[in-house]
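Peer 1:
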Amino acid sequence: MPPLKEDILQSIYETFAEWSTRFSFACEKNCASCCTQNVIMTAVEGEAICRLIRQTGRDLWFADKLQNKGTTGRPRMTTNDFAGACLGQGEDGQPELLGNMSPCPFLENDCCRIYEVRPFSCRCFASEQRCSAGISALAPTYYLSAATAVLQIIEHLGQGEYWGNMLDVLSALCDQPQNRGVATLLPASFADQSRVQLVQAKPLPGFLLLEDEMEQIAPLLEAIFSRKVGGKTVESILNGR
Ligand code: SF4
Ligand code: SF4
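The working numbering applies: residue 166 is where the sequence shown begins, and numbers increase by one.
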């Protein structure tokens, strides 16, 4: 059975998906030019992926995918670090996009092989026009702001744990006892080398929402916080009550 954090994560994913049905995006099955190695996530999202790999007996496949990952970089700020800086609570700076635009290794025949547990960065990437070379994704500004707010909540959920490139987080998680099956298939220092590319997820310092966006986004935030998981609201759990 997944732990409470993964249940909260699932509840957040579902609430965002329900709220997003108001948009008409061009995204459809087998449209996958957005699937690059430039995916950021938290350890709690990685643990859900590792669970799926164990349950489906795909250790060898997974180890092969991780070993073939491209070069990534260590992010300087998390989403919540950046929000904190904008709100005057932390070190000033700009977040860096240090990902790798090569195809995601989990993409096979234009289908995601971990689709049911793909991280939020993949779930929220959407476009009103079909992307291709020279045509970039297009989405309403308040959709992008809402997605950023949800990324902040998920980072808060995983605070103190790994935050960074999806493939680095997954590689670092391989030295957990439950993932030993994959670790034995990887070089001895693989998890350590990936860990140095990661930073720590931070608590939510506040949202970066403009006043005129609040009217459209507040119902989403209320729906996320008021849902009950394990008999308590997500808000009370995230506040440590
Ligand atoms: S974001 Fe662009 S490439 Fe990705 S599924 Fe949507 S339309 Fe296709
Ligand atoms: S994890 Fe899946 S949805 Fe996300 S980038 Fe990779 S193939 Fe695409």
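Ideal Cβ positions, reconstructed from N, Cα and C, are used throughout, including at glycine. All values derive from a computational prediction rather than experimental measurement.
Say whether the segment 200–207 touches the segment 267–287, bearing in mind that this needs 3 or more beta-carbon pairs closer than 8 Å, one atom from each stretch.
Peer 2: Touching, per the Cβ criterion.
Peer 1: Between VAL209 and ligand 2, is there a pair consisting of the residue's CB and a ligand heavy atom that are separated by less than 7 Å?
Peer 2: False, no ligand heavy atom lies under 7 Å from that Cβ.
Peer 1: If you follow the beta strand (DSSP E) that ILE205 is in, where does it begin and where does it stop?
Peer 2: Run containing ILE205: 205–207, per the beta strand (DSSP E) assignment.
Peer 1: What would DSSP say about GLN365, mapped onto helix, strand or coil?
Peer 2: In this structure, GLN365 counts as strand in the three-state DSSP scheme.
Peer 1: Beta carbon of ARG283: closer than 7 Å to some heavy atom of ligand 2?
Peer 2: The answer is yes for ARG283.
Peer 1: Among ALA191, MET206 and LEU217, whose alpha-carbon lies nearest the alpha-carbon of SER297?
Peer 2: Minimum Cα distance to SER297 is reached at ALA191.
Peer 1: Are ALA337 and SER359 touching if we call contact CB-CB under 8 Å?
Peer 2: Going by C-beta atoms, ALA337 is nearer than 8 Å to SER359.
Peer 1: Can we say the segment 305–319 touches the segment 327–335, given the rule of at least three CB pairs closer than 8 Å?
Peer 2: Counting Cβ pairs under 8 Å, fewer than three are found: no touch.
Peer 1: Just list the residues that DSSP pairs CYS277 with in beta bridges.
Peer 2: CYS277 pairs with LEU272.
Peer 1: Under 8 Å: do the segment 231–241 and the segment 347–367 share three or more Cβ pairs, one atom per stretch?
Peer 2: Segments in contact, yes.
Peer 1: I'd like to confirm something about TYR280: is its beta-carbon nearer than 7 Å to some heavy atom of ligand 2, or not?
Peer 2: Yes; taking the cut-off as 7 Å, the Cβ of TYR280 has a heavy atom of ligand 2 nearer than that.
Peer 1: Which runs of the alpha helix (DSSP H), 4 residues or longer, sit entirely within the segment 212–245?
Peer 2: Runs of the alpha helix (DSSP H) inside the segment 212–245: 224–232.
Peer 1: Taking 8 Å as the threshold (beta carbon to beta carbon), is MET266 in contact with chain B?
Peer 2: No chain B is part of this structure, which consists of one protein chain only.
Peer 1: Would DSSP call ASN344 helix, strand or coil?
Peer 2: ASN344 falls in the helix class under three-state DSSP.
Peer 1: Report the option in ARG278, GLU183 and SER391 whose CA atom is closest to the CA atom of ARG223.
Peer 2: It is ARG278.
Peer 1: Consider the C-beta atom of ARG295 and the heavy atoms of ligand 1; say whether any pair is separated by less than 7 Å.
Peer 2: For ligand 1, at least one heavy atom lies less than 7 Å from the Cβ of ARG295.
Peer 1: When we look at the beta-carbon of ASN330 and count the other beta-carbons within 10 Å, is it buried (16 or more) or exposed?
Peer 2: Per the 10 Å Cβ criterion, buried.
Peer 1: Alpha carbons only, please: which of LEU375, GLN324 and CYS196 is nearest the one belonging to ASN404?
Peer 2: Taking only the C-alpha atoms, the option nearest ASN404 is GLN324.
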